[in-house]
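A.B. asks: My questions all concern the structure below.
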Amino acid sequence: MNRSEPSGYREEGKSKRLEEREVDVIVVGAGIAGLSSALHLLQLNQSVCLLEKRSIVGGLGNYAVGLVTAAPTSLQRKSNISDSVEAFYRDLKTFSEKNGFTDLNTAHFLREYAGKSGKCIEWLMELGIEFGGPIPEAKGQIPRRLIFLPSIRDAILKMRDRFLEMGGQLIYNFHVDSLIVSETAGIDGVIGRNNERISRRKKCKKGVILSTGAFSSNAILIKELIPSGDSGDSLVPDLNGDGIVMALEHFAATSNTDIFPIQLRFTGQSDESGYISSRNKRTGSSLPNTDFEYLKKFALYTSPSPSLFRLGGILVDRSGNRFSDETLDLRYVALLANHLPDKETFVLLDQRIATELDKWPNYISTFPGKGYGYLSDYRQFENEILYLANDLRELASMIRAEPRVFETNIEKYNVMARSGKDLEFGRKTLSVLFTPPFYALGPVKPVLTTTVGGLKTDTNCRVLDGQGKTVPGLYAIGDGSAGAVQLLPGTHVGWALVSGMIAADYISKL
Ligand SMILES: Cc1cc2nc3c(=O)[nH]c(=O)nc-3n(C[C@H](O)[C@H](O)[C@H](O)COP(=O)(O)OP(=O)(O)OC[C@H]3O[C@@H](n4cnc5c(N)ncnc54)[C@H](O)[C@@H]3O)c2cc1C
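Just so you know, the sequence shown maps onto residues 0 to 509 in numbering that gives the first Met the number 0.
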């Protein structure tokens, strides 16, 4: 199997004259949700056309750390972790309710997810996809998070390859713009364009599945759909919620978008630095050697863990000023960071704290290919995300801060830390930063990594309108659909996989 991806419009698949053939199902978007659904459909003897606007499959999954929360799984059993669908459902529900999602529809989804996530993992393992874990969790939580090995990118390519081997049709650089509706069948096709902007149509017999992802870079949708919204920068460009926009034209409703999902992420200075290949080498992934812009942006993009602050680290702007009690929920800290003038912050540590970042539970972030990342893992990103210096002035110049101002402000912090009272933000425990070398991790920026919620569906992933009636022939899965399970870490990829499976199961019975 050729593992590289095309740079121009191309069709793949064993069937000949695919363009003319009417398929059972059209899947729009070859991210993880689209790949999962398309592959399940083929395995259920449906003919499928998978349309992807880019020349690369995997969508946002290409950026993902690769954690997936699922239960019960054979990997849990192997590690003697006892779990059940019921226990998983209870935990998902508690978490969801804590975050304000209490409607009945949400509960149905959580039940579906709890019932199917474990099966989805076993299905992926049958495809030859490997996992590590479950990785350790905080006390009282059942370990359920698995990590794709050697990388999630590898799993994406395995899914694509299997889809093509089974005769699925994949069309790259097909940007779907609108849906075709017929009076008798409902939605039964799409209209789009290739990268020469030539218009193309594709028809289907049973329905169109929208798996076009989140709307984090669509300012209009953010304003409309997230009442608590704030202006936030999208981590990844071009997450436009195309499927939502198209479905709204057919009176689709949306739900569960109420959470403004801004997060702190290490963004690094990685674009031109060959970071793709260093990540590739580290995970052993077979990332194709492509000059495609989208992958140029492919970086670590992890979130700093609360352990950094529990151990005494602080979060400062380039002047060395703190702006929050860093031990609060980091989602709240992210919102505060979003109001800083340049939004760029750094985690500051000294050697005493840094030496503790060597094993669970003292991790820097979650990490591709292994679950958690420690100081030893971050050393390979020296001068990209990790900076260290023997004095604060030197450190300041490394992160493009003004050395004198930076040092003065950290010294002021140290005076306060010695007194044991955080007069600025009321943090309960403070550590004096005095043991060299000093470390700065960052820049850490508040960004929208993805969005929560989207098109309202029933539990078969059929899109609903404002009256609760189905929009015939239209389905929505993954990011951009309103599963409301995408709150716990690892359930974004999980929901993409499971919702793809649900839609395929339903359609195959029509
Ligand atoms: C840095 C980072 C780390 C993450 N880590 C994790 C993690 O460890 N675990 C986890 O659960 N989640 C993680 N996530 C989130 C996770 O990656 C996504 O939620 C998930 O991959 C979404 O999959 P999807 O298929 O629903 O959507 P997407 O991946 O967005 O796929 C949508 C696809 O549709 C295509 N498309 C869009 N519009 C059109 C159109 N008009 N016509 C044709 N094609 C179109 C896109 O090009 C894309 O390929 C992470 C996200 C980021 C940014």
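Cβ atoms here follow ideal geometry from the backbone N, Cα and C, with glycine treated the same way.
Could you tell me how far apart the beta carbons of Phe437 and Leu310 are, in whole angstroms, since I believe they sit closer than 8 Å?
C.D. replies: Actually they do not touch by this definition, with Cβ atoms about 14 Å apart.
A.B. asks: Please classify Val497: is it buried, with 16 or more other beta-carbons within 10 angstroms of its beta-carbon, or exposed?
C.D. replies: buried
A.B. asks: Along the beta strand (DSSP E) that carries Tyr386, what are the first and last residues, could you check?
C.D. replies: For Tyr386, the enclosing beta strand (DSSP E) begins and ends at 385-388.
A.B. asks: Exposed or buried, which one is Gly166 when buried takes at least 16 other CB atoms within 10 Å?
C.D. replies: exposed
A.B. asks: With distances taken Cα to Cα, identify the nearest neighbour of Met124 among Lys138, Phe147, Ala86.
C.D. replies: Phe147
A.B. asks: Just list the beta strand (DSSP E) runs in the region 328-369, keeping only unbroken ones of 3 residues or longer that don't cross its boundaries, in chain order.
C.D. replies: Counting whole runs of 3 or more residues, the region 328-369 contains the beta strand (DSSP E) stretches 344-349, 364-366.
A.B. asks: Taking 6 Å as the limit between beta carbons, can you name the residues of its chain near Asp23, skipping five residues before and five after?
C.D. replies: Contacts found: Gln45, Ser46, Lys204, Lys205.
A.B. asks: Under a Cβ-count criterion, where at least 16 other Cβ atoms within 10 Å of its own Cβ denotes burial, should Val414 be classed as buried or exposed?
C.D. replies: exposed
A.B. asks: For Ile186 versus Val451, is the C-beta distance shorter than 8 Å?
C.D. replies: no
A.B. asks: Return yes when at least one heavy atom of ligand 1 lies under 7 Å from the C-beta of Lys52, else no.
C.D. replies: yes
A.B. asks: Take Pro260 as the anchor and find which of Leu486, Gln168, Arg20 has the nearest alpha-carbon.
C.D. replies: Leu486
A.B. asks: Counting only the same chain and skipping the five closest in sequence on each side, list residues whose C-beta sits under 6 Å from that of Ala502.
C.D. replies: Ser36, Ile208, Cys460, Tyr474, Ile476
A.B. asks: CB of Tyr62 to nearest heavy atom of ligand 3: below 7 Å?
C.D. replies: Among the ligands in the structure shown, ligand 3 does not appear; only ligand 1 can be found there.
A.B. asks: DSSP on Gly114, reduced to helix/strand/coil?
C.D. replies: helix
A.B. asks: So, with DSSP's three-state summary, where would you put Ala137?
C.D. replies: coil
A.B. asks: Thinking just about the alpha-carbon of each residue, which of Ser198, Val27, Gly33, Ile219 is nearest to the one in Gly493?
C.D. replies: Gly33
A.B. asks: In angstroms, rounded to a whole number, what distance separates the CA positions of Ile275 and Ser150?
C.D. replies: Its pLDDT being 36, under 50, Ile275 is placed unreliably in this model, and the value from its coordinates should be taken loosely. So the two alpha carbons sit approximately 13 Å from each other.
A.B. asks: Can you give the Cα-Cα distance for Glu343 and Asp328, rounded to whole angstroms?
C.D. replies: 18 Å
A.B. asks: Looking at Ala113 and Ser254, is the spacing between their C-beta atoms short of 8 Å?
C.D. replies: no
A.B. asks: From which residue to which residue does the alpha helix (DSSP H) around His491 run?
C.D. replies: Counting along the chain, the alpha helix (DSSP H) containing His491 begins and ends at 490-507.
A.B. asks: Is it the case that the CB of Thr266 approaches a heavy atom of ligand 1 more closely than 7 Å?
C.D. replies: no
A.B. asks: Would you kindly report the start and end of the unbroken beta strand (DSSP E) that includes Ala439?
C.D. replies: For Ala439, the enclosing beta strand (DSSP E) begins and ends at 437-447.
A.B. asks: State yes or no: is the C-beta of Pro488 within less than 8 Å of the C-beta of Leu66?
C.D. replies: yes
A.B. asks: Just the Cα atoms here: how many angstroms apart are Val431 and Asp457?
C.D. replies: Rounded to the nearest whole angstrom, the C-alpha separation of Val431 and Asp457 is 54 Å.
A.B. asks: Buried or exposed: which applies to Lys52, given that a residue is buried once 16 or more other Cβ atoms fall within 10 Å of its Cβ?
C.D. replies: Classification of Lys52: buried, given that the 10 Å Cβ count is 16 or more.
A.B. asks: Please determine whether the Cβ atom of Tyr300 lies at a distance below 7 Å from any heavy atom of ligand 1.
C.D. replies: yes
A.B. asks: Where does Cys203 sit, in a helix, a strand or coil, going by DSSP?
C.D. replies: strand
A.B. asks: With DSSP run on the structure shown, which of helix, strand or coil describes Leu74?
C.D. replies: helix
A.B. asks: Can you tell me whether Met500 is buried or exposed? The criterion is at least 16 other CB atoms within 10 Å of its CB, across all chains shown.
C.D. replies: buried
A.B. asks: Could you have a look at Ala213 and say whether DSSP puts it in helix, strand or coil?
C.D. replies: coil
A.B. asks: Excluding the 5 residues flanking Leu72 on each side, which residues of the same chain have their C-beta closer than 6 Å to its C-beta?
C.D. replies: Before going further, note that residue 72 is Thr rather than Leu in the sequence given. Taken in chain order, the residues that qualify are Gly117, Ile120.
A.B. asks: Within its chain, find whatever has a CB closer than 6 Å to the CB of Ser507; leave out the 5 residues flanking it on each side and keep chain order.
C.D. replies: Leu43, Gln45
A.B. asks: Compute the beta-carbon to beta-carbon distance between Ser78 and Pro133, rounded to the nearest angstrom, for a pair I have assumed lies under 8 Å.
C.D. replies: So it is a contact: roughly 6 Å between Cβ atoms.
A.B. asks: Going by DSSP, what residue range makes up the alpha helix (DSSP H) through Phe308?
C.D. replies: Annotation: the continuous alpha helix (DSSP H) that includes Phe308 extends over 306-309.
A.B. asks: Using only the alpha-carbon positions, how far apart do Tyr371 and Thr211 sit?
C.D. replies: Computed Cα separation, rounded: 29 Å.
A.B. asks: Could you tell me if Leu394 is buried or exposed, where buried requires 16 or more neighbouring beta carbons within 10 angstroms of its beta carbon?
C.D. replies: Around the C-beta of Leu394, 16 or more other C-beta atoms lie within 10 Å, and the residue is accordingly described as buried.
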